[in-house]
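Chemist:
Residue numbers (our numbering): 60 to 376.
1) Quick one: what does DSSP say residue 272 is sitting in, helix, strand or coil?
2) Give me the Cβ distance between residue 159 and residue 210, rounded to the nearest whole Å; I'm assuming they're in contact under 8 Å.
3) The alpha helix (DSSP H) spanning residue 236 covers which residue range?
4) Pair every Cβ in the stretch 146 to 165 with every Cβ in the stretch 281 to 291, then say whether three or more of these pairs are closer than 8 Å.
5) Around the Cβ of residue 333, are there at least 16 other Cβ atoms within 10 angstroms (buried) or fewer (exposed)?
6) Starting from the C-beta of residue 305, find all residues in its chain whose C-beta is less than 8 Å away, skip the five residues before and the five after it, and write them out in chain order.
7) For residue 175, which residues of its own chain have a beta-carbon under 7 Å away from its beta-carbon, when the five flanking residues on both sides are left out?
8) Of the residues 319, 315, 320 and 217, which one's Cα is nearest the Cα of residue 331?
9) Would residue 90 be called buried (16 or more neighbouring beta carbons within 10 Å of its own) or exposed?
10) Could you tell me if residue 116 is buried or exposed, where buried requires 16 or more neighbouring beta carbons within 10 angstroms of its beta carbon?
11) Report the three-state DSSP secondary structure of residue 188 (helix, strand or coil).
12) Quick one: Cα of residue 191 to Cα of residue 184, how far?
13) Which ranges does the beta strand (DSSP E) cover as unbroken runs of at least 3 residues, wholly within the stretch 108 to 170, from first to last along the chain?
14) Do you know offhand how far residue 200's Cα is from residue 322's?
15) Can you tell me the Cα-Cα spacing of residue 367 and residue 186, whole angstroms?
16) On the three-state DSSP scale, how would you describe residue 315?
17) What would DSSP say about residue 223, mapped onto helix, strand or coil?
18) Around the C-beta of residue 224, are 16 or more other C-beta atoms found within 10 angstroms, so that it is buried, or is it exposed?
19) Considering Cα atoms alone, identify which of 364, 114, 133 and 98 is closest to residue 106.
20) How would you label residue 289, buried or exposed, when you count the other beta carbons within 10 angstroms and need 16 or more for buried?
21) Looking at residue 228 and residue 217, is the spacing between their C-beta atoms short of 8 Å?
22) By DSSP, does residue 246 sit in helix, in strand, or in coil?
23) Tell me which residues share the same chain as residue 19 and place their Cβ nearer than 6 Å to its Cβ, disregarding the 5 neighbours each side in the sequence.
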């Protein structure tokens, strides 16, 4: 693959614009579908002080447009499946946005409804975006929120009718980086975990994910937002999740478009190879065309995902 055809640095503004255009195309299947699932509750991620936070005048905005930034109070929004469909599985959805925004509507709410229709309890994570203005250590802020989400859902499994051993993460683009970070960094708790609750997702679903922070692979906007323009080699390696795969990394589903011009498909391919060589169960679907955000243009992309979940008994056949 000739990476010279891929832009090394892509601004959050351009990324958001492309996502907005993709959202407009979504009407062909998601908005036309007869979804019955609705949000049941919005859960504050932290009962008290948000860890790794500092006072600021940053204000949350964009919720009315479905693309949110300035998040200082992270939450989970719960979509409950119909009782007759409930499988006991749960998925924490992590929308993308280049670590500069959260594409909450298209990669959050719409996905939660689709999952709930399949009997999956869905929790959308509205996570803090890395920012020196709101946190002392911006590189770990999103991971803290992802770990806390897994902890809350696992500890509340009985209340929500969830099997505590069927809790997965689902991430899109930079949200895929965060989901794969949660799936490869679970042995170290970045949040208070006095009860020693397992922070390991039981499975991970990654859609056109940013996996690596290395210059040859990464999405420049996500890299700079999370680590800054000149990170240490230690941080580059730590957050290049293809380097963090171990034999106990959760089973994985990957999907990407080969012509993705924002996030090089080699992110998924290299991650797949690392998982495969360590004998971690992994399935990957690569579409020849579709570019970034292809889910808004390929209505059938979730069918093989649901087949994978049925084969692995996370949802009912």
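Where is the CB? At the ideal position from N, CA and C, for every residue including glycine.
Modeler: Taking the geometry as given:
1) Locating residue 272 in the chain shown gives position 213, where the first residue counts as 1. DSSP places residue 272 in coil when its eight states are reduced to three.
2) Your numbering for residue 159 matches position 100 in the chain shown. Your numbering for residue 210 matches position 151 in the chain shown. With a Cβ gap of about 26 Å, residue 159 and residue 210 do not count as contacting.
3) Counting from 1 along the chain shown, the entry for residue 236 is found at position 177. First-last of the alpha helix (DSSP H) with residue 236: 233 to 243.
4) These segments touch.
5) Locating residue 333 in the chain shown gives position 274, counting from the first residue. Flag for residue 333 reads buried.
6) Translated into positions along the chain shown, residue 305 becomes position 246. Here residue 305 has 243 and 337 as same chain residues with Cβ atoms under 8 Å from its own Cβ, once five neighbours each way along the sequence are excluded.
7) Sequence index remark: in the chain shown, residue 175 carries index 116 (1-based). For residue 175, same chain residues with a beta-carbon under 7 Å away, outside a window of 5 residues either side, are 96, 138, 139, 140 and 181 in chain order.
8) Here residue 331 is taken as the residue at index 272 of the chain shown, counted from 1. With distances taken between Cα atoms, residue 331 lies closest to 315.
9) Position 31 of the chain shown holds residue 90. At residue 90 the pLDDT is 38, less than 50, meaning the model places this residue with poor confidence and gives no usable figure here.
10) Here the question's residue 116 lines up with position 57 in the chain shown. Exposed, since its Cβ has fewer than 16 Cβ neighbours within 10 Å.
11) As a working mapping, residue 188 is identified with position 129 in the chain shown. It is coil, neither helix nor strand.
12) The residue labelled residue 191 in the question sits at position 132 within the chain shown. The residue labelled residue 184 in the question sits at position 125 within the chain shown. Straight-line spacing of the CA atoms in residue 191 and residue 184 works out to 21 Å.
13) DSSP runs (the beta strand (DSSP E)) wholly in the stretch 108 to 170: 134 to 138 and 149 to 153.
14) In the chain shown, the residue the question calls residue 200 occupies position 141. In the chain shown, the residue the question calls residue 322 occupies position 263. One Cα belongs to residue 200, the other to residue 322, and the distance between them is close to 22 Å.
15) Walking along the chain shown from the start, residue 367 turns up at place 308. Walking along the chain shown from the start, residue 186 turns up at place 127. Going by C-alpha positions, residue 367 is about 27 Å away from residue 186.
16) Residue numbering aside, residue 315 sits at position 256 when the chain shown is read from its first letter. The answer is strand: DSSP assigns residue 315 an E or B state.
17) The count along the chain shown starts at 1 and reaches residue 223 at position 164. Residue 223: coil per DSSP, three-state reduction.
18) Counted from its first residue, the chain shown places residue 224 at position 165. Flag for residue 224 reads exposed.
19) Looking up residue 106 in the chain shown gives position 47. Comparing Cα positions, the closest option is 133.
20) In the chain shown, counting from the first residue as 1, residue 289 sits at position 230. It counts as exposed.
21) Here residue 217 is taken as the residue at index 158 of the chain shown, counted from 1. Here residue 228 is taken as the residue at index 169 of the chain shown, counted from 1. Taking C-beta atoms as the reference points, residue 217 and residue 228 fail to come closer than 8 Å.
22) Walking along the chain shown from the start, residue 246 turns up at place 187. Coil.
23) In the structure displayed, the chain extends from 60 to 376; residue 19 sits before or after that span and is not available.
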